[in-house]
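Written below as structure tokens is the structure these notes are about.
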Amino acid sequence: MAQRARPLSPFLHYRWQYTNTLSILHRITGVLLSIGFFLLVYWLAAAAAGPERYQAAVGILGSPPMQLILFGTAFSFCYHLLNGVRHLFFDLGHGFELKTARASGWAVAIGALVLGLGLWLVLRAGLGGAA
Amino acid sequence: MSLRSPLRTVTGLGSAKGGASHWYVQRVTAVALVLLGLWFVVTLASLGSGSHAAVVGWLSSPISSALAVLLVVTAAYHALLGLQVVIEDYVSDHGKRVVVLLAVKFALVVAAVIGVLAVLRIAFGVAA
Numbered sequence: 003m004a005q006r007a008r009p010l011s012p013f014l015h016y017r018w019q020y021t022n023t024l025s026i027l028h029r030i031t032g033v034l035l036s037i038g039f040f041l042l043v044y045w046l047a048a049a050a051a052g053p054e055r056y057q058a059a060v061g062i063l064g065s066p067p068m069q070l071i072l073f074g075t076a077f078s079f080c081y082h083l084l085n086g087v088r089h090l091f092f093d094l095g096h097g098f099e100l101k102t103a104r105a106s107g108w109a110v111a112i113g114a115l116v117l118g119l120g121l122w123l124v125l126r127a128g129l130g131g132a133a
Numbered sequence: 004m005s006l007r008s009p010l011r012t013v014t015g016l017g018s019a020k021g022g023a024s025h026w027y028v029q030r031v032t033a034v035a036l037v038l039l040g041l042w043f044v045v046t047l048a049s050l051g052s053g054s055h056a057a058v059v060g061w062l063s064s065p066i067s068s069a070l071a072v073l074l075v076v077t078a079a080y081h082a083l084l085g086l087q088v089v090i091e092d093y094v095s096d097h098g099k100r101v102v103v104l105l106a107v108k109f110a111l112v113v114a115a116v117i118g119v120l121a122v123l124r125i126a127f128g129v130a131a
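Chains as they are written, first to last, in this note's numbering: chain A, 3 to 133; chain B, 4 to 131.
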């Protein structure tokens, strides 16, 4: 007897919406920040290794392909921090009203883009100034 | 007092094990990282040029080096907890999961030790 494939609901029937976008972005930025952590350690270790090694490291960190990674890290930092605070409020039982959750979600998204861009410029200035 | 039935204890299945403390420590490190992260970013911005002298001068102060050590350790711990959940969600094969978890743990611990030692070297004036 042929067996009918069982429906896989609800996994395939969820509508993509802002809540799960923000949620998965928190996870993705968290993973990216873990990579950024290794960059931070690399930078600190280079500073501890003396001026020449530090200059070499700054040259690598300031190179064009690394700029993209630095921007990703800067954006991830701001997003994960802002959305993390949002989630801490959720954990305390606040901010679940549709209107509030949507507003805080927008604030996180826009804030992360603006602040991330600012942080990236700070990093650029620091690495450029040292080269 | 355990609310688990004797059978559950024997089979080792059932809920959480260390789940509650994992969840809680993730939040505690999150709050700490909000403060340490903001401090770190504001400091970076105030450093202006990221010259070697500026970085060494910054980390030579006892408070800065202490906060930098805390940042490295807390960030590694928080990353470990977070990556663990991600790995447990997406790597379903038990053997692979153990290997990946161990690799990530080792990498983070090694990086954290390097980071702490680097800050201490600068703080104690070894890397002038």
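Positions of the beta carbon are idealized from the N, C-alpha and C atoms, including for glycine.
(message) What does the alpha-carbon distance come out to for the pair R55 of chain A and K99 of chain B?
(response) The residue you call residue 55 of chain A lines up with position 53 of the first sequence. The residue you call residue 99 of chain B lines up with position 96 of the second sequence. Approximately 37 Å between the Cα atoms of the pair.
(request) Under the assumption that V28 of chain B contacts L84 of chain B (Cβ atoms under 8 Å), give the Cβ distance between them as a whole number of angstroms. (result) Residue mapping note: residue 28 of chain B aligns to position 25 of the second sequence, counting from 1. Residue mapping note: residue 84 of chain B aligns to position 81 of the second sequence, counting from 1. Right, the Cβ-Cβ distance comes to about 6 Å (below 8 Å), so this counts as a contact.
(message) Whole angstroms are fine: how far does the CA of T23 of chain A sit from the CA of L50 of chain B?
(response) Locating residue 50 of chain B in the second sequence gives position 47, counting from the first residue. Locating residue 23 of chain A in the first sequence gives position 21, counting from the first residue. The alpha-carbon atoms of L50 of chain B and T23 of chain A are separated by roughly 35 Å.
(message) Once the 5 residues before and after A115 of chain B are set aside, which same chain residues still bring their CB inside 7 Å of it?
(response) Here residue 115 of chain B refers to the residue found at position 112 of the second sequence. Counting only Cβ-Cβ distances below 7 Å, and skipping sequence neighbours, we find V75, V76, A79.
(message) Assuming contact is defined by CB atoms lying nearer than 8 Å, are V59 of chain B and I117 of chain B in contact in what I supplied?
(response) Translated into the one-based positions of the second sequence, residue 59 of chain B becomes position 56. Translated into the one-based positions of the second sequence, residue 117 of chain B becomes position 114. For V59 of chain B and I117 of chain B, no; Cβs fall outside 8 Å.
(message) Considering Cα atoms alone, identify which of A:D93, A:L94, A:V87, A:L123 is closest to G107 of chain A.
(response) Position 105 of the first sequence, counted from the start, is the residue given in the question as residue 107 of chain A. Measuring from the Cα of G107 of chain A, the nearest candidate turns out to be A:V87.
(request) Apply the 10 Å Cβ neighbour rule to A132 of chain A and answer buried if 16 or more other Cβ atoms are within range, or exposed otherwise. (result) By 1-based counting over the first sequence, the position of residue 132 of chain A is 130. Per-residue confidence for A132 of chain A stands at a pLDDT of 49, beneath the threshold of 50, marking its modelled position as unreliable; the derived number appears in the next sentence. Classification for A132 of chain A: buried.
(message) Counting only C-beta atoms, is V37 of chain B closer than 8 Å to chain A at any point?
(response) Translated into positions along the second sequence, residue 37 of chain B becomes position 34. So, interface residue.
(request) Go ahead and label A23 of chain B buried or exposed: buried means 16 or more other beta carbons lie within 10 angstroms of its beta carbon, across all protein chains shown. (result) Along the second sequence, read from residue 1 onward, the residue named residue 23 of chain B stands at position 20. So A23 of chain B counts as exposed.
(message) Which residues in chain A have a C-beta closer than 7 Å to the C-beta of A33 of chain B? List them in chain order.
(response) In the second sequence, counting from the first residue as 1, residue 33 of chain B sits at position 30. Under the 7 Å cutoff, chain A gives G86, L90.
(request) Report all residues from its chain with a CB closer than 7 Å to the CB of K108 of chain B; omit the five preceding and five following residues, and keep chain order. (result) As a working mapping, residue 108 of chain B is identified with position 105 in the second sequence. Answer for K108 of chain B: L83, listed in chain order.
(message) Less than 8 Å between the beta carbons of F77 of chain A and A127 of chain A, yes or no?
(response) Within the first sequence, numbered from 1, the residue matching residue 77 of chain A stands at position 75. Within the first sequence, numbered from 1, the residue matching residue 127 of chain A stands at position 125. Not a contact, by the Cβ cut-off of 8 Å.
(message) Can you list, in chain order, the residues of its chain with a C-beta nearer than 6 Å to that of F43 of chain B? Leave out the 5 residues immediately preceding and following it.
(response) As a first step, residue 43 of chain B is located in the second sequence; it is residue number 40 there, counting from the start. L74, listed in sequence order.
(message) Using only the alpha-carbon positions, how far apart do A48 of chain A and A121 of chain B sit?
(response) Mapped onto the first sequence, residue 48 of chain A falls at position 46. Mapped onto the second sequence, residue 121 of chain B falls at position 118. When rounded, the distance between both Cα atoms is 8 Å.
(message) At 4 residues or longer, what runs of the alpha helix (DSSP H) sit wholly inside the segment 44 to 77 of chain A?
(response) 53 to 63
(request) Specify the secondary structure class of A7 of chain A as computed by DSSP and reduced to three states. (result) The count along the first sequence starts at 1 and reaches residue 7 of chain A at position 5. Coil at A7 of chain A, not helix or strand.
(request) Give me the Cβ distance between L84 of chain A and V116 of chain A, rounded to the nearest whole Å; I'm assuming they're in contact under 8 Å. (result) For the purposes of this step, residue 84 of chain A is identified with residue 82 of the first sequence, where counting begins at 1. For the purposes of this step, residue 116 of chain A is identified with residue 114 of the first sequence, where counting begins at 1. No, L84 of chain A and V116 of chain A are not in contact; Cβ-Cβ is about 10 Å, not under 8 Å.
(request) Spell out whether any CB of chain A is found under 8 Å from the CB atom of V58 of chain B. (result) Here residue 58 of chain B refers to the residue found at position 55 of the second sequence. Yes, its Cβ sits closer than 8 Å to a Cβ of chain A.
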